[in-house]
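Student: So the sequences go chain by chain: C and L.
Going by UniProt numbering, the residue at position 25 of the first sequence is 25; the numbering climbs one at a time, nothing skipped.
Going by UniProt numbering, the residue at position 58 of the second sequence is 58; the numbering climbs one at a time, nothing skipped.
2 protein chains.
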Amino acid sequence: MADEALFQFLHNEVIQYVNTTESGETENGRCVSKLENMGFRVGQGLIERFTKDTARFKDELDVMKFICKDFWTCVFKKQIDNLRTNHQGIYVLQDNKFRLLTQLSAGKQYLENAPKYLAFTCGLVRGALSNLGVKSIVTAEVSVMPACKFQVMIQKM
Amino acid sequence: MADEALFQFLHNEVIQYVNTTESGETENGRCVSKLENMGFRVGQGLIERFTKDTARFKDELDVMKFICKDFWTCVFKKQIDNLRTNHQGIYVLQDNKFRLLTQLSAGKQYLENAPKYLAFTCGLVRGALSNLGVKSIVTAEVSVMPACKFQVMIQKM
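(1) Just to confirm the assignment: which complete alpha helix (DSSP H) runs, minimum length 4, are found wholly within the region 56-102 of chain L?
(2) Can you check which of these residues, L:LEU61, L:ARG99, L:CYS122, is closest to THR85 of chain L by C-alpha distance?
(3) Taking Cβ-Cβ distances below 9 Å as the criterion, which residues of the region 85-118 of chain C are in contact with chain L?
(4) If we count the other Cβ atoms within 10 Å of its Cβ and call it buried at 16 or more, is GLY39 of chain L buried or exposed?
(5) Determine the closest residue to ASP95 of chain C out of C:LEU6, C:SER130, C:VAL75, with distance taken between C-alpha atoms.
(6) Taking Cβ-Cβ distances shorter than 9 Å, what residues in chain C pair up with VAL32 of chain L?
(7) Find out if the Cβ-Cβ distance for the pair PHE71 of chain L, PRO146 of chain L is shorter than 7 Å.
(8) Quick one: measure Cβ to Cβ for PHE7 of chain L and PHE120 of chain C, integer angstroms, because I've assumed they're closer than 8 Å.
(9) Grab me the residues of SER136 of chain C's own chain with a C-beta within less than 7 Å of its C-beta, minus the 5 sequence neighbours each way, in chain order.
(10) Could you pull the DSSP bridge partners for SER136 of chain L from this structure?
(11) Quick one: what's GLU141 of chain L bridged to in DSSP?
(12) Give the DSSP-derived three-state secondary structure of THR51 of chain L in the structure shown.
(13) Using the three-state DSSP reduction, which class does LEU104 of chain C fall into: helix, strand or coil?
(14) Residues of the region 3-24 of chain L with a CB closer than 9 Å to any CB of chain C: list them in chain order, please.
(15) How many whole angstroms separate the CB atoms of VAL42 of chain C and PHE50 of chain L, which I take to be in contact at a CB cut-off of 8 Å?
(16) Taking the alpha helix (DSSP H) that ASN113 of chain C falls in, what are its first and last residues?
(17) Under the rule that 16 or more other beta-carbon atoms within 10 Å means buried, what is GLU13 of chain L, buried or exposed?
(18) Please report the straight-line C-alpha distance between GLN103 of chain L and ASN28 of chain L, rounded to a whole angstrom.
(19) At least one CB of chain C closer than 7 Å to the CB of LEU46 of chain L: is that the case?
(20) With DSSP as the reference, label GLU22 of chain C as helix, strand or coil.
(21) With a threshold of 7 Å between beta carbons, is ARG126 of chain C in contact with chain L?
(22) Should PHE45 of chain L go down as buried or exposed, given a rule of 16 or more other Cβ atoms within 10 Å for buried?
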């Protein structure tokens, strides 16, 4: 419990700090992209440590399943609730109770803040995939808090 | 293992980010104080969650012991190795293998970077103590990496 809390509290602090630091017209966009970059590097580091003793992955789907189960559980203490794919390089990962959103009130008035709370995790997934040899673009959307969907678009090399 | 890694990696990112963001003459000092402030708020949040079901503390020393054992174990996966006090409001907490320094090389050339890696934790302790009703000033020093000492000076109110 306390571990999670440590990560959550620090994550919140980072959002606040980045938010007050990145000022200017494109404020929101820059803030999100800074957070995404941090997530990317953390994801790279984590997956490296995490797959040290893992067998080689069969294919892309196998990698995605690993992210949804093992990686998600390690970071967010639960698995992704639903994984869908069009079998053409798009994957949708749905988390019905996303840990970093549960602290925000469910009211609609906070929906506009959601991107900041998802950016780090988008980067985390992109960084993890990148270190497993899968180049991707990761975006996120929230319809009803605290559920959210991460969309992974694989970039063919 | 992975939990710790998550915190460590994020902590590193925060240091890097704060470091590149806070520029100017007093760069280093501002950087350290930003990190300390983040730690303070995280410490407040953590201790609140962590002492929810704890019995009341007997006295100041009792509080310090809790920080050295339970709180330290929760955050750093080990206890403080040595706690000393002059019984006049000064406590020295020694950690012989401080988790956030073990990643830095032990060479002397990195000693000057150490304050940045300790600032968050100084704040963490100050925030935790503050929420337990103990106002303090917390500083840290490293003699030989990765050992370090945190000095807590209680501020009588």
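Glycine included, every Cβ here is placed at the ideal spot set by N, Cα and C.
Predicted, not measured: the structure shown is a model, and the values here were computed from it.
Tutor: Per the coordinate set shown:
(1) Entirely contained in the region 56-102 of chain L, the alpha helix (DSSP H) runs reaching 4 residues are, in chain order, 60-66, 72-76.
(2) Answer by Cα proximity: L:LEU61.
(3) For the region 85-118 of chain C, the set of positions with a beta-carbon nearer than 9 Å to some beta-carbon of chain L is empty.
(4) With 16 or more other Cβ atoms from the protein chains shown falling within 10 Å of its own Cβ, GLY39 of chain L counts as buried.
(5) Checking every option, the nearest Cα to that of ASP95 of chain C belongs to C:VAL75.
(6) None at all; the shortest Cβ gap to chain C is about 14 Å.
(7) Between PHE71 of chain L and PRO146 of chain L, the gap from beta carbon to beta carbon reaches 7 Å or more.
(8) About 13 Å; that fails the 8 Å criterion.
(9) Excluding residues within five positions, the ones whose Cβ falls inside 7 Å are ARG126, LEU129, VAL152, MET153, ILE154, GLN155.
(10) L:ILE154, per the DSSP bridge assignment.
(11) In the DSSP assignment, GLU141 of chain L forms a beta bridge with L:LYS149.
(12) Annotated three-state conformation of THR51 of chain L is coil, per DSSP.
(13) Of the three classes helix, strand and coil, the one that applies to LEU104 of chain C here is coil, per DSSP.
(14) Within the region 3-24 of chain L, the residues whose Cβ lies closer than 9 Å to any Cβ of chain C are, in chain order, ASP3, GLU4, ALA5, LEU6, PHE7, GLN8, PHE9, LEU10, HIS11, ASN12, GLU13, VAL14, GLN16, TYR17, VAL18, THR21, GLU22.
(15) About 24 Å; that fails the 8 Å criterion.
(16) It is not in any alpha helix (DSSP H) - ASN113 of chain C carries neither H nor E in the DSSP assignment.
(17) Counting Cβ neighbours within 10 Å, GLU13 of chain L comes out buried, since at least 16 surround it.
(18) Their backbone Cα atoms lie some 21 Å apart in a straight line.
(19) With respect to chain C, the C-beta atom of LEU46 of chain L has a partner C-beta closer than 7 Å.
(20) Looking at GLU22 of chain C - three-state DSSP - the assignment turns out to be coil, as it is neither helix nor strand.
(21) With 7 Å as the cut-off, ARG126 of chain C does not count as an interface residue toward chain L.
(22) Position check: residue 45 of chain L holds Gly in this sequence, whereas Phe was assumed. It is buried - the Cβ of GLY45 of chain L has at least 16 other Cβ atoms within 10 Å.
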